[in-house]
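To start, the structure under review is shown below, and the notes come after it.
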């Protein structure tokens, strides 16, 4: 039947608690004992109760036993006589504690709380855990520890085994069970540590395990000193039989089995604690708080035994922790009440020396003890340091040495009930009963309590449920597991929910450190704590592929891509075993948090989430990211692969219509007109033949002179002759040189601007250009850093389209986005063919390499691993592990090797043509050359044809006018007729003898006519020749005008035809022509 319900809890005590008077010893005249036993290899009864559900009520306590071993309630239990009022059948309260203290003093052998006769087996109640009979333990002190298992304990229930015969290794009670052979049924040999665990667990406070060697750890204990009492005076501190008497001496106020704060001060006023408190090596308040394991504001007899067991190494070694800072130990972690590495080292050496001397004095084998090796001492410290702080507190000591019975690092419900954490051990404080309960301490609700869960109770000194910065520092939370601000809530305290995050992170790291024997600086991680890495497929960084899975650590080979290759190498080095989870950029997922699902860890499963980013993205403030996994990460400058072709007629056309040219021309014309007026006004008085006096004619003469002089042409047909005019002309010449020098500079600048795109070599040369940037990089203010005109693009596709159409001059974007853009297939290309691998090469190129990161200090890397880190320092730990491993990969060259192996994917291919259709553009303007040659040939043929008489005859006949030959004949005939009509004044003989003048050529006709007019000298023949030449010139001028008109009409028709053809080509094949030139849609 279940036990009766406990009586109602007493009301909470007032602030100043007055202890009740001690009950008489006759309250229980006999101890309640149980005869439940188990073998050396069997499970303890409390654990069998969990496994099989068997329970038996014994002495007011439910004791778990095998179902088959159930006995009546009174069987195996001593009779109980009660005197006075009890506290019910629960066996709890101050009366039991008082009896325990007095029974320890009496040294009862048969009334031990966990003993039958003189055997001390595994206790089954919390108040029996430390009830070791003094006389019985004295027997053990006189024996060699390695032979404790041979001690003959009358009445003890022990397990023997057959050492030979058909029943070998089977349990037996006599030699007959083993076949009858003598001395075959014996107690199996066991080490001192196994003996204590199996048969004397309630005497754990009497021995100190050295934790080495692994198989049979050396046990330090008191022993007979013989004649060497003076030399072995310190060994008395190991005699647990004196602890109870010391406690009674301190319990003077009410002798109720509990020490108040005032009584506890008497303990601290003894040597050496008094000196330690006085020199601020120890804080008395901290010592009392730590010694009070159940936090009921009292120190019970059991808690005092634990305190003495913890302090004994200090008393024997005479060594205190090392003060590493300027702060006194009493004001530091745990108030100075801890062991550090130095005190542990002194203890193991001192204890070994004492045991060696003790063994020699008693003629025991001194080989039974030794000093530890370096690795053994290191392991000894690690096993006792449960929180990784390198300091060992009393709570760690009790949790590991006493409370954790099976040594699995956790307290089950049964272990908790047997521990001094159990609220049943308190003095009846209801509030403390709640905050010391198993449910309150089991923060993650997994049915077991870790030391970190227990540490929260110790750290919460103001008992408000939260941990502030002062409590965090006092409780000695190791800085290796992150600073306080890395775990806290927004209000600056560590609430239970945030503490759960810390527990999950601490558990995963410390278990990994133990499993792989790695310090936290190498970022160990327990494989029992899953790590999920959420990634978005993005070629070439992440690409799922089906290949053979890899066993062991790292990332399975079924996941491909450069980033996953690098991350796989990192996790393999760190001995992590993450799981890759693919996510998609869903339209409904408007933020990175929802897309990648990052958040606090799942404390129930210990699962931590990471995100692998493969493109530039601004991360939330709650995220922390690693260094870049991409060695070439950063911003790059992208331009067109083909340089801008310089076409002079296009540049001339642009220049003529440019604001620079129009402004210059208008200004120059204004000054030229003014100068023309000035020079006309100055020169018209003395040089009126050249600069005519009429305003209209004179101003035109002055304007003509100003233009010819300014341009340095200097025809010489008009020149000033006055001194003022000449002086002004000199100034105008200088002004003209300056003006046209400026104009020439502007023309040169214009040409350089048109060709400057070919000279963009780095981000520093982008000033004045229109450059495309991604909208998501707008917060970086790139246009202010590099002084260009910004054009925001929503995507890389938009920027690439604008660049191919020459609407922008370049692109400044993260390299990861650029590489992914060129690996992304486009609809205009064959399926799966990105533009980077088109047949004609890449239409774009990266110039100048990666832009110096110091120029864009606020830009984060693109390819990185991120984690949620608000109140979750575990995320910081994981990302730091990735970053530090990346540094190692850079140092040993492995990262560069992976980059070389994947260079075809992460590097943009060069612009290398394949075939005639991909050949780079020729530096020759073939179109203009062909047109010019065609026109030259056309006009050469045309001139040749028109110079022939046949052509002239045809033209004259077509026009209906006489041909040049006919006109020449008519002119000659008319001349002859004129000569026949004119009388001659000279005799025929004289006329024949006169020299004949040669005929005038066309070149001299105008000059001869002009001279003849001035001199008035004409001969008959010459007059005839002049008239004939005039007629020929008139006719040739007429023919030339007609030819020019004809050629002008022909040229206009050719230009119109070419314009129409070009317009048709642009309208019909414009897109295809653009692709042919830039290889980009």
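Residue numbers (UniProt numbering): 1 to 1081. Note that beta-carbon positions come from the ideal geometry of N, C-alpha and C, so glycine has one too.
(request) Look up residue 624 in the DSSP assignment and give the residues it is bridged to. (result) Translated into the one-based positions of the chain shown, residue 624 becomes position 624. Beta-bridge pairing links residue 624 to 867.
(request) Specify the secondary structure class of residue 577 as computed by DSSP and reduced to three states. (result) As a first step, residue 577 must be located in the chain shown, where it is residue number 577. Of the three classes helix, strand and coil, the one that applies to residue 577 here is coil, per DSSP.
(request) Say whether the region 204-214 touches the region 365-383, bearing in mind that this needs 3 or more beta-carbon pairs closer than 8 Å, one atom from each stretch. (result) yes
(request) Under 7 Å Cβ to Cβ from residue 305, same chain only, skipping five residues before and after it: list those, please. (result) Indexing the chain shown from 1 puts residue 305 at position 305. Here the set comprises 130, 205 and 243.
(request) Kindly indicate which three-state DSSP category residue 219 falls into: helix, strand or coil? (result) Along the chain shown, one-based indexing puts residue 219 at 219. In the structure shown, residue 219 sits in a strand (DSSP, three-state: E or B).
(request) Would you grab the beta carbon distance between residue 879 and residue 607 for me? Rounded to a whole angstrom, and I think it's under 8 Å. (result) If you number the chain shown from 1, residue 879 lands on position 879. If you number the chain shown from 1, residue 607 lands on position 607. Contact flag wrong, Cβ pair sits at about 16 Å.
(request) For residue 404, collect the residues of the same chain with a Cβ closer than 8 Å to its Cβ; drop the 5 residues on either side in sequence, then sort them by chain order. (result) Residue numbering aside, residue 404 sits at position 404 when the chain shown is read from its first letter. The residues are 410, 411 and 415.
(message) Between the alpha carbons of residue 134 and residue 599, how many angstroms are there, rounded?
(response) As a first step, residue 134 is located in the chain shown; it is residue number 134 there, counting from the start. As a first step, residue 599 is located in the chain shown; it is residue number 599 there, counting from the start. Approximately 57 Å, taken between the alpha carbons.
(request) Kindly indicate which three-state DSSP category residue 370 falls into: helix, strand or coil? (result) Here the question's residue 370 lines up with position 370 in the chain shown. Three-state result, residue 370: coil.
(request) Can you check DSSP and say which residues form a bridge with residue 926? (result) Translated into the one-based positions of the chain shown, residue 926 becomes position 926. None; residue 926 has no bridge partner.
(message) Within a Cβ cutoff of 8 Å, which residues of the same chain sit near residue 817, ignoring the five residues on either side of it in sequence?
(response) Translated into positions along the chain shown, residue 817 becomes position 817. Here the set comprises 615, 616, 774, 796 and 862.
(request) Using only alpha-carbon positions, find the residue among 440, 477, 487 and 447 that is nearest to residue 464. (result) Position 464 of the chain shown, counted from the start, is the residue given in the question as residue 464. Among 440, 477, 487 and 447, the Cα nearest to that of residue 464 is on 440.
(message) How far does the alpha helix (DSSP H) with residue 609 in it extend, from its first residue to its last?
(response) Looking up residue 609 in the chain shown gives position 609. First-last for residue 609: 608-614, but that is the beta strand (DSSP E), not the alpha helix (DSSP H).
(message) Could you tell me the alpha carbon to alpha carbon distance between residue 785 and residue 853, rounded to whole angstroms?
(response) Within the chain shown, residue 785 is the residue found at index 785, counting from 1. Within the chain shown, residue 853 is the residue found at index 853, counting from 1. Straight-line Cα distance between these residues: approximately 12 Å.
(message) Here's the rule I'm using: 16 or more other beta-carbon atoms within 10 Å means buried, otherwise exposed. How should residue 488 be labelled?
(response) Locating residue 488 in the chain shown gives position 488, where the first residue counts as 1. With 16 or more Cβ atoms within 10 Å of its Cβ, residue 488 is classed as buried.
(message) Taking only three categories from DSSP, how would you classify residue 560?
(response) Position 560 of the chain shown holds residue 560. In the structure shown, residue 560 sits in a strand (DSSP, three-state: E or B).
(request) Take the Cβ of residue 1064 as the centre, count every other Cβ of all protein chains shown within 10 Å, and call the residue buried at 16 or more, exposed below. (result) Residue mapping note: residue 1064 aligns to position 1064 of the chain shown, counting from 1. Exposed, since its Cβ has fewer than 16 Cβ neighbours within 10 Å.
(request) Verify the CB distance criterion: does residue 624 have a CB-CB separation below 7 Å to chain D? (result) Protein chains in the displayed structure number just one, and chain D is not present.
(message) Considering just the uninterrupted stretch of the beta strand (DSSP E) at residue 640, what are its terminal residues?
(response) Numbered from 1 along the chain shown, position 640 holds the residue referred to as residue 640. Note, residue 640: beta strand (DSSP E), 635-640.
(request) Report the three-state DSSP secondary structure of residue 534 (helix, strand or coil). (result) Numbered from 1 along the chain shown, position 534 holds the residue referred to as residue 534. Residue 534 falls in the strand class under three-state DSSP.
(message) Using a Cβ distance threshold of 8 Å, determine whether the region 328-341 contacts the region 260-275, with at least three qualifying pairs required.
(response) no
(message) Taking the alpha-carbon of residue 278 as reference, which of 293, 186, 173 and 329 has the nearest alpha-carbon?
(response) Here residue 278 corresponds to residue number 278 of the chain shown, with the count starting at 1. That would be 329, whose Cα lies nearest to the Cα of residue 278.
(message) To the nearest angstrom, how far is the alpha carbon of residue 570 from that of residue 882?
(response) Within the chain shown, residue 570 is the residue found at index 570, counting from 1. Within the chain shown, residue 882 is the residue found at index 882, counting from 1. Straight-line Cα distance between these residues: approximately 7 Å.
(message) Quick check: the Cα distance between residue 167 and residue 190, rounded to an integer number of angstroms?
(response) Counted from its first residue, the chain shown places residue 167 at position 167. Counted from its first residue, the chain shown places residue 190 at position 190. Rounded to the nearest angstrom, the two C-alpha atoms are 20 Å apart.
(request) Grab the span of the beta strand (DSSP E) containing residue 233 for me, first residue to last. (result) One-based indexing of the chain shown puts residue 233 at position 233. Neither: residue 233 is in no beta strand (DSSP E) and is coded neither H nor E.
(request) Within the same chain, show all residues whose beta-carbon is closer than 8 Å to that of residue 678, passing over the 5 residues directly before and after it, in chain order. (result) Counting from 1 along the chain shown, the entry for residue 678 is found at position 678. Closer than 8 Å at the Cβ level, and outside the excluded window around residue 678, lie 702 and 728.
(message) Cutting at 6 Å between CB atoms, please list the residues of its own chain near residue 1052, excluding the five before and the five after it.
(response) The residue given as residue 1052 occupies position 1052 in the chain shown. Same-chain partners within the cutoff: there are none.
(message) Tell me the rounded alpha-carbon separation between residue 280 and residue 286.
(response) One-based indexing of the chain shown puts residue 280 at position 280. One-based indexing of the chain shown puts residue 286 at position 286. Each residue's Cα considered, the two are about 12 Å apart.
(message) Looking only at its chain, what residues have a beta carbon closer than 6 Å to the beta carbon of residue 525, apart from the 5 residues adjacent to it on each side?
(response) Counted from its first residue, the chain shown places residue 525 at position 525. Once the five neighbours on either side are set aside, the close Cβ partners of residue 525 are 508, 512 and 576.
(request) Assign residue 891 to one of two classes, buried (16 or more other C-beta atoms within 10 Å of its C-beta) or exposed (fewer than that). (result) Start at 1 with the first residue of the chain shown, and residue 891 comes out as number 891. That one is exposed.
(message) To the nearest angstrom, how far is the alpha carbon of residue 959 from that of residue 661?
(response) Reading the chain shown from its first residue, position 959 is the one you call residue 959. Reading the chain shown from its first residue, position 661 is the one you call residue 661. Each residue's alpha carbon lies about 46 Å from the other.
(message) Whole angstroms are fine: how far does the CA of residue 770 sit from the CA of residue 1062?
(response) To locate residue 1062, count along the chain shown from 1; it is residue 1062. To locate residue 770, count along the chain shown from 1; it is residue 770. Spanning the two alpha carbons is a distance of roughly 29 Å.
(message) So, at 6 Å on beta carbons, what are the nonlocal neighbours of residue 239 in its own chain, with the 5 sequence-adjacent residues on each side left out?
(response) Taking the first residue of the chain shown as 1, we reach residue 239 at position 239. If we look at residue 239 and ignore the five residues flanking it on each side, its Cβ neighbours are 222.
(request) Below 8 Å on the Cβ atoms is my guess for residue 876 versus residue 501; work out the distance and round it to an integer in Å. (result) Counting from one through the chain shown, the residue named residue 876 turns up at place 876. Counting from one through the chain shown, the residue named residue 501 turns up at place 501. Residue 876 to residue 501, Cβ: 12 Å. No contact.
(message) Pairs of beta-carbons, one from the region 386-403 and one from the region 290-305, closer than 8 Å: are there three or more?
(response) yes
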